[in-house]
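In this note's numbering, the protein residues as written are 82 to 404.
Down below is the structure, laid out as structure tokens.
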């Protein structure tokens with residue numbers, strides 16, 4: 082079975098989807114806090130007008146006001162988002178990496194290959210998942226009493242399309258792509274580099290596999306490092322996505338004014354300073370580390386236990402067929 086056979090590609094997509102679903106379930110509460118922080122113009126401190134004043138305070142506030150349902154608000158749309166994104170990303174990455182391996186230039190520069198292939202795959206996944214990201218963001222950021230916070234994914238898609246057309250469903254996509262290419266590229270780069278370092282630290286006869294615990298740890302470290310690089314772009318993207326329904330966020334305080342990319346940057350800096358670009362970063366880094374750890378370790382373990390034996394069995398059958 083060739084590396085890019087239909088069955089192998091299907092299994093790569095399935096593995097990506099499983100990794101995406103598991104990751105979303107574990108990290109959803111942190112994602113809710115991140116979005117709430119990003120939408121808050123007031124400081125995320127003990128400021129008089131601030132609704133949320135820190136991670137612990139926000140957890141308590143959301144749970145007290147909205148219950149466990151509030152901590153998982155937008156989870157269904159988030160699952161659709163995560164599965165569609167991870168499915169496309171991992172499938173694309175494997176095909177791009179396989180093609181790149183055919184050229185000496187990329188074989189001689191493996192870490193550059195990981196970065197470029199990862200970045201392109203991330204962008205393809207982001208394009209596929211963008212409409213779900215817009216709907217999920219609006220559901221999480223809306224007042225708990227509003228209809229928008231209660232809608233399902235496909236109702237949300239229809240509503241956004243009816244109000245704003247395709248422009249609404251792709252709102253924030255330029256920021257997404259600017260953010261995703263270096264983020265996912267760096268994530269793959271750091272992850273592969275750390276895995277290579279772990280293997281090189283072993284005796285030569287023990288370098289075949291990496292223990293699952295190291296896959297998890299390397300995934301966490303790579304996720305945190307990559308996210309720190311691109312966090313401001315994520316905040317600006319979220320604020321632009323919410324411009325169309327400011328009236329449904331009245332209980333959260335002032336709304337950020339972000340009619341354009343440049344306007345969003347200027348207004349955020351003028352009213353909130355440089356720190357405004359990093360609101361919600363703590364829960365984001367916690368989420369990024371946990372997400373990347375689960376994401377990569379589950380996918381790599383899936384490859385190890387399902388895809389690799391499948392390829393090995395096919396190679397053996399091909400050898401027997403030649404004799």
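We put the CB at the ideal spot given by N, CA and C, even for glycine.
Here the structure is a predicted model, which is why all the values come from computation and not from measurement.
Residue burial annotation: residue 156 is buried, with at least 16 other C-beta atoms found within 10 angstroms of its C-beta. Bounds of any alpha helix (DSSP H) do not take in residue 283, whose DSSP letter is neither H nor E. Between the C-alpha atoms of residue 114 and residue 364 there is a straight-line separation of about 7 angstroms.
Shortest Cα-Cα distance from residue 358 to any of 109, 119, 87, 146 involves 119.
DSSP places residue 183 in no alpha helix (DSSP H); its state is neither H nor E. In the three-state scheme derived from DSSP, where H, G and I count as helix and E and B as strand, residue 291 is classed as coil. In this structure, the beta-carbon distance from residue 295 to residue 311 does not fall below 8 angstroms.
Around residue 172, the same chain offers 90, 93, 94, 97 as residues with beta carbons nearer than 7 angstroms, after the five sequence neighbours per side are excluded.
Our two residues, residue 298 and residue 275, have alpha carbons roughly 9 angstroms apart in a direct line. Bounds of any alpha helix (DSSP H) do not take in residue 388, whose DSSP letter is neither H nor E. The Cβ atoms of residue 307 and residue 271 lie closer than 8 angstroms to each other. For residue 95, the enclosing alpha helix (DSSP H) has its first and last residue at 87 to 120. Note on geometry: alpha-carbon atoms of residue 388 and residue 255 lie some 35 angstroms from one another.
Counted as a single uninterrupted DSSP element, the alpha helix (DSSP H) harbouring residue 249 occupies residues 234 to 250. Apart from sequence neighbours up to five positions away, the residues of its chain that approach residue 320 with a beta-carbon distance below 8 angstroms are 119, 120, 337, 339, 345, 349, ordered along the chain.
The beta carbons of residue 143 and residue 135 sit about 12 angstroms from each other, so the pair does not count as a contact at 8 angstroms.
Comparing alpha carbon positions, the residue from 88, 86, 99 closest to residue 372 is 99. Cβ contact annotation for residue 391 (same chain, cutoff 8 angstroms, sequence separation greater than five): 82, 88, 89, 92, in chain order. Counting every other CB atom within 10 Å of its CB across the protein chains shown gives residue 159 a total of 16 or more, marking it as buried. The distance from the Cβ of residue 241 to that of residue 170 is about 23 angstroms, inconsistent with a contact at the 8 angstroms cut-off. The beta carbons of residue 219 and residue 153 sit about 16 angstroms from each other, so the pair does not count as a contact at 8 angstroms.
Between the alpha carbons of residue 397 and residue 86 lies a distance of about 16 angstroms. The beta carbons of residue 309 and residue 366 sit closer together than 8 angstroms. Under the three-state reduction of DSSP, residue 253 is assigned to coil, being neither helix nor strand. Scanning its chain for C-beta atoms nearer than 8 angstroms, with the 5 sequence neighbours on each side dropped, one finds around residue 196 the residues 266, 267, 269, 270, in chain order.
Between the alpha carbons of residue 128 and residue 354 lies a gap of roughly 15 angstroms. In chain order, 101, 102, 104, 105 place their CB closer than 7 angstroms to the CB of residue 163, counting only its own chain and leaving out the 5 sequence neighbours on each side.
The DSSP-derived three-state label of residue 341 is coil. Here DSSP, grouped into helix, strand and coil, assigns residue 191 to helix. Between residue 237 and residue 216, the gap from beta carbon to beta carbon is short of 8 angstroms.
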